[in-house]
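Counting in UniProt numbering, the sequence shown runs from 1 upward without gaps. These notes concern the structure reproduced below.
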Amino acid sequence: MLLYTMQDNSTLVIKNPANDEIIATLPKETEAGLQTILQNLRQGQKNWSQRTVQDRLDCIVKFGELILENKQELAAILTQETGKPITQSLNEIQGAQNRIVHLQANAIQWLSEESLVETGPTLEKIVYEPLGVIANISAWNFPYNVGFNVFLYALVAGNAVLYKPSEYAALTGLQFEKYLHEAGIPTDVFRCVIGDGRLGQQILEAPMDGYFFTGSYATGLHIAKAVAHKLVPLQLELGGKDALYVSDDVVDVKQAAISAAEGAFYNNGQSCCAVERIYVSDKIYEQFVADFVTEVKSYVVGDPTDIKTFIGPLTRQPQTALLNEQVADALDKGAQLKLGGKEIAGQGNFYYPTVLIECDNRMKVMQEESFGPIIGIQKVSSDEEAIACMQDTEYGLTAAVFSANEQRAMRILKEMNTGTVYWNCCDRVSPNVPWSGRKKSGLGATLSIQGIRAFVQPKAYHLRKL
Ligand code: TXE
Numbered sequence: 001m002l003l004y005t006m007q008d009n010s011t012l013v014i015k016n017p018a019n020d021e022i023i024a025t026l027p028k029e030t031e032a033g034l035q036t037i038l039q040n041l042r043q044g045q046k047n048w049s050q051r052t053v054q055d056r057l058d059c060i061v062k063f064g065e066l067i068l069e070n071k072q073e074l075a076a077i078l079t080q081e082t083g084k085p086i087t088q089s090l091n092e093i094q095g096a097q098n099r100i101v102h103l104q105a106n107a108i109q110w111l112s113e114e115s116l117v118e119t120g121p122t123l124e125k126i127v128y129e130p131l132g133v134i135a136n137i138s139a140w141n142f143p144y145n146v147g148f149n150v151f152l153y154a155l156v157a158g159n160a161v162l163y164k165p166s167e168y169a170a171l172t173g174l175q176f177e178k179y180l181h182e183a184g185i186p187t188d189v190f191r192c193v194i195g196d197g198r199l200g201q202q203i204l205e206a207p208m209d210g211y212f213f214t215g216s217y218a219t220g221l222h223i224a225k226a227v228a229h230k231l232v233p234l235q236l237e238l239g240g241k242d243a244l245y246v247s248d249d250v251v252d253v254k255q256a257a258i259s260a261a262e263g264a265f266y267n268n269g270q271s272c273c274a275v276e277r278i279y280v281s282d283k284i285y286e287q288f289v290a291d292f293v294t295e296v297k298s299y300v301v302g303d304p305t306d307i308k309t310f311i312g313p314l315t316r317q318p319q320t321a322l323l324n325e326q327v328a329d330a331l332d333k334g335a336q337l338k339l340g341g342k343e344i345a346g347q348g349n350f351y352y353p354t355v356l357i358e359c360d361n362r363m364k365v366m367q368e369e370s371f372g373p374i375i376g377i378q379k380v381s382s383d384e385e386a387i388a389c390m391q392d393t394e395y396g397l398t399a400a401v402f403s404a405n406e407q408r409a410m411r412i413l414k415e416m417n418t419g420t421v422y423w424n425c426c427d428r429v430s431p432n433v434p435w436s437g438r439k440k441s442g443l444g445a446t447l448s449i450q451g452i453r454a455f456v457q458p459k460a461y462h463l464r465k466l
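Written out as structure tokens, the structure is:
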């Protein structure tokens, strides 16, 4: 959990995961520096919360424009520090704009006071007040998406934000700060602080008004325990072991295999809602596996700066050992290796896209989060068996069914104890609906009306004219 790219205690060394070259050495935030920043944010938040929602939205819209104007340079930075293939970096930057469109369309309505009783002796209304100064401790896999889900919504709602990017996406975090300030967000309303888990720990000990975290279950649990005594809002967006079931009635098995493979391997499998295990009806299993393997073989693996590349390096080097362990465990328990199964020799954190078949739920690859270019496929003989296998997990982020029959799919999806379910699609996030995890996948929701209400506290007014 606490593996640092640190060389000494005062600097954070950023390496390019594609070639191990050092691309930057950043000064780490000091404990004294953090205290000063927090005092300033406390002051800045008071003024920020007095401004209108429209005024705050205007700054966010301007920020979005600046991000788009500079997207080539920003995508290059993201690719350099995380290894995300350049086309996927550009897609992420472009796609994350839909959060801003969503806020523009809805924020004023959702943050306005609500009158519940407008006649009679006692009037009643709700006013939504910001939480105050909140901490956003964030992840590296989709820094635009998961960052925007928190800090843009928090800012529009009138909060000040202390943003700690992952140590694997620190350069991108600094770009967020630069363009937010350029867009008119005061320097004492949003601050990005650079550091690793030790800085994260100091933030947990600081007097924040809310904690919003994206990352691993282990760190999320640690944060929940550490801040519990403060009784401030806490949201955790953690990982998953998301299941996909391909039923025997899919119209086009090849297309199902292509979609499933994309859901599993996009961003090198490093997505919270990546497809992490696949259950396939025995009636189409052989054909599905053949099509799936053909599709994965077609992926271009290599230099993430090349627009043709679909699979770049893993962002974090330690992940290769975890993937090797999952492969060995699966083979030991009877799985068959159809593709990959090991790291690619040479520079960088490259791992062969890996397909294991004849899997079952005793295997780590079907139970523990992989977060890499690896998938386990299991044959099932009925919907009931598929439901039982899909539900046999400690996680609860998403579940998907591919089927031609809507009623059949709905019956299965209703059984899923997950925050999100998909019919004939997967690995998808939309600002219109809440993003939430159950069980080990997290606590609370971002996006949608829930996602903005997460950053305010209701005040109930009972008003009686005498
Ligand atoms: O996560 P961490 P890492 C999962 C995925 C991945 C694994 C490890 O399986 O392989 O987590 O990734 C900060 N107090 N996900 O190491 O450690 C840390 O500095 C306060 C799934 O990146 O959870 C970083 O900013 N903060 C996930 C953030 O926590 C601490 C996305 C995340 O780090 C801290 C990312 C501490 N004691 C990883 N220790 C998803 N939901 O998609 C660390 N941090």
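Cβ atoms here follow ideal geometry from the backbone N, Cα and C, with glycine treated the same way. Here the structure is a predicted model, which is why all the values come from computation and not from measurement.
* Asked: Under a three-way DSSP split, which group does P143 fall into?
  -> What you label residue 143 is simply residue 143 of the sequence shown in a count that begins at 1. Reduced to three states, the DSSP call for P143 is helix.
* **Cα-Cα separation between L90 and K465, rounded to whole angstroms** => Within the sequence shown, numbered from 1, the residue matching residue 90 stands at position 90. Within the sequence shown, numbered from 1, the residue matching residue 465 stands at position 465. Taking the straight line from one Cα to the other gives about 57 Å.
* Asked: On the three-state DSSP scale, how would you describe T25?
  -> Within the sequence shown, residue 25 is the residue found at index 25, counting from 1. Reduced to three states, the DSSP call for T25 is strand.
* Thinking C-alpha only, which one of Q317, L38, H102 is nearest N19? -> Position 19 of the sequence shown holds residue 19. When the alpha-carbon of N19 is set against those of Q317, L38, H102, the nearest one is in Q317.
* **Test: S138 CB closer than 8 Å to a CB of chain D** => The structure shown contains no chain D; it holds only a single protein chain.
* To do: Could you tell me which residues DSSP pairs with E124 in its beta bridges?
  => The count along the sequence shown starts at 1 and reaches residue 124 at position 124. In the DSSP output, where bridge partners are listed per residue, E124 has V117, H462.
* **Sub-8 Å separation of P373 and Y351 beta-carbons** => As a first step, residue 373 must be located in the sequence shown, where it is residue number 373. As a first step, residue 351 must be located in the sequence shown, where it is residue number 351. Yes, these two residues count as a Cβ contact at 8 Å.
* If you draw a straight line from the C-alpha of Y279 to the C-alpha of A386, how long is it? -> The residue you call residue 279 lines up with position 279 of the sequence shown. The residue you call residue 386 lines up with position 386 of the sequence shown. Cα-Cα distance, rounded: 6 Å.
* CB-CB under 8 Å to T5, same chain, minus the five flanking residues each way: which ones, in chain order? -> Position 5 of the sequence shown holds residue 5. Low local confidence applies: a pLDDT of 44 at T5 is under 50, so the model's placement there is unreliable, with the coordinate-based value given in what follows. Within the same chain, T5 has close Cβ partners L12, V13, I14, K15, E167, Y168, D196.
* To do: Identify whether K439 lies in helix, strand or coil by the three-state DSSP scheme.
  => Indexing the sequence shown from 1 puts residue 439 at position 439. Correct three-state label for K439: strand.
* Grouping DSSP H, G and I as helix and E and B as strand, with all else coil, what is Y352? -> In the sequence shown, residue 352 corresponds to position 352, counting from 1. The answer is coil: DSSP assigns Y352 none of H, G, I, E or B.
* Any chance you could list the alpha helix (DSSP H) runs of at least 4 consecutive residues sitting entirely within the region 241-281, in chain order? => The region 241-281 contains these whole alpha helix (DSSP H) runs: 253-265.
* Along the beta strand (DSSP E) that carries L162, what are the first and last residues, could you check? => Residue 162 sits at position 162 when you count from the first residue of the sequence shown. Where L162 is concerned, the enclosing beta strand (DSSP E) stretches over 160-164.
* Asked: Roughly how many whole angstroms lie between the Cα atoms of T82 and Q35?
  -> On the sequence shown, residue 82 is found 82 positions in, with the first residue counted as 1. On the sequence shown, residue 35 is found 35 positions in, with the first residue counted as 1. Separation of T82 and Q35 (C-alpha to C-alpha, rounded to the nearest whole angstrom) is 29 Å.
* Please check the pair V253 and Q287, which I expect to be a contact at CB under 8 Å, by giving their CB distance rounded to whole angstroms. => Within the sequence shown, numbered from 1, the residue matching residue 253 stands at position 253. Within the sequence shown, numbered from 1, the residue matching residue 287 stands at position 287. Indeed they touch by this definition, with Cβ atoms about 5 Å apart.
* **Nonlocal neighbours in the same chain, by C-beta distance under 7 Å from Q7, ignoring five residues either side** => On the sequence shown, residue 7 is found 7 positions in, with the first residue counted as 1. For Q7, the predicted structure reports a pLDDT of 44, less than 50, and the residue's modelled location is therefore unreliable. The matter cannot be settled from this model.
* Over what stretch of residues does the alpha helix (DSSP H) that includes Q319 continue unbroken? -> The residue given as residue 319 occupies position 319 in the sequence shown. Per DSSP, the unbroken alpha helix (DSSP H) holding Q319 starts and ends at 319-332.
* **Beta bridge counterpart(s) of V293 as assigned by DSSP** => As a working mapping, residue 293 is identified with position 293 in the sequence shown. Looking at the DSSP output, V293 sits in no beta bridge, so it has no partner there.
* Would a C-beta distance cut-off of 8 Å place P233 and A454 closer than the cut-off? -> Residue 233 sits at position 233 when you count from the first residue of the sequence shown. Residue 454 sits at position 454 when you count from the first residue of the sequence shown. In this structure, P233 places its C-beta atom within 8 Å of the C-beta atom of A454.
* Asked: Quick one: what's got a C-beta closer than 6 Å to A139's C-beta in the same chain, skipping five residues either side?
  -> Numbered from its first residue, the sequence shown carries residue 139 at position 139. Closer than 6 Å at the Cβ level, and outside the excluded window around A139, lie V146, S166, T214, G215.
* Run the proximity test for T420: is its beta-carbon closer than 7 Å to any non-hydrogen atom belonging to the ligand TXE? => In the sequence shown, the residue the question calls residue 420 occupies position 420. Checking every heavy atom of the ligand TXE against the Cβ of T420, none is found closer than 7 Å.
* To do: Measuring alpha carbon to alpha carbon, tell me which of S298, G64, D329, S403 ends up nearest L356.
  => Residue numbering aside, residue 356 sits at position 356 when the sequence shown is read from its first letter. Each of S298, G64, D329, S403 was checked against the Cα of L356, and the nearest Cα belongs to D329.
* Asked: Hey, would you say the C-beta of E167 is under 7 Å away from at least one heavy atom of the ligand GDP?
  -> Ligands present in the displayed structure are limited to the ligand TXE, and the ligand GDP is not among them.
* Asked: Would the C-beta of G239 count as close to the ligand TXE, meaning under 7 Å from any of its heavy atoms?
  -> Sequence index remark: in the sequence shown, residue 239 carries index 239 (1-based). At least one heavy atom of the ligand TXE is nearer than 7 Å to the Cβ of G239, so yes.
* the ligand TXE heavy atoms versus the CB of H229: any closer than 7 Å? -> Numbered from its first residue, the sequence shown carries residue 229 at position 229. H229: no, Cβ never under 7 Å from the ligand TXE.
* **Proximity below 8 Å, CB of L78 to CB of C272** => Translated into positions along the sequence shown, residue 78 becomes position 78. Translated into positions along the sequence shown, residue 272 becomes position 272. Not a contact, by the Cβ cut-off of 8 Å.
* In the DSSP assignment, what residue or residues form a beta bridge with R316? -> As a first step, residue 316 must be located in the sequence shown, where it is residue number 316. Beta-bridge partners assigned by DSSP to R316: none are found.
* Which first and last residues belong to the beta strand (DSSP E) in which F213 is found? -> Position 213 of the sequence shown, counted from the first residue, corresponds to residue 213. It spans 211-214 - the beta strand (DSSP E) in which F213 sits, taken as one unbroken run.
* Taking 7 Å as the cut-off, is the CB of R362 close to at least one heavy atom of the ligand TXE? -> Residue 362 sits at position 362 when you count from the first residue of the sequence shown. Outside the cutoff, so no.
* To do: Can you check DSSP and say which residues form a bridge with I387?
  => Stepping through the sequence shown from its first residue, residue 387 is reached at position 387. Beta-bridge pairing links I387 to no other residue.
* Asked: So, using beta-carbon positions, are G240 and E369 closer together than 8 Å?
  -> In the sequence shown, residue 240 corresponds to position 240, counting from 1. In the sequence shown, residue 369 corresponds to position 369, counting from 1. Yes, they are a contact pair.
* Asked: Since E224 sits in a beta bridge, which residues does DSSP pair it with?
  -> Your numbering for residue 224 matches position 224 in the sequence shown. The question names Glu, yet the displayed sequence has Ala at residue 224. Partner(s): none; A224 has no beta bridge.
* **Classification of P353 by the beta-carbon crowding that lies within 10 angstroms, buried from 16 upward** => Counted from its first residue, the sequence shown places residue 353 at position 353. Under this definition P353 is a buried residue.
* Smallest Cα separation from I377: which of K414, E415, K338? -> As a first step, residue 377 must be located in the sequence shown, where it is residue number 377. Taking the Cα of I377 as reference, the smallest distance to any Cα among K414, E415, K338 is reached at K338.
* Outcome for N267 when other beta-carbon atoms lying within 10 angstroms are tallied against a minimum of 16 -> Taking the sequence shown and counting its residues from 1, the one referred to as residue 267 is at position 267. It is buried - the Cβ of N267 has at least 16 other Cβ atoms within 10 Å.
* **Residue interval of the alpha helix (DSSP H) (run including T82)** => Your numbering for residue 82 matches position 82 in the sequence shown. 71-82 is the extent of the alpha helix (DSSP H) around T82.
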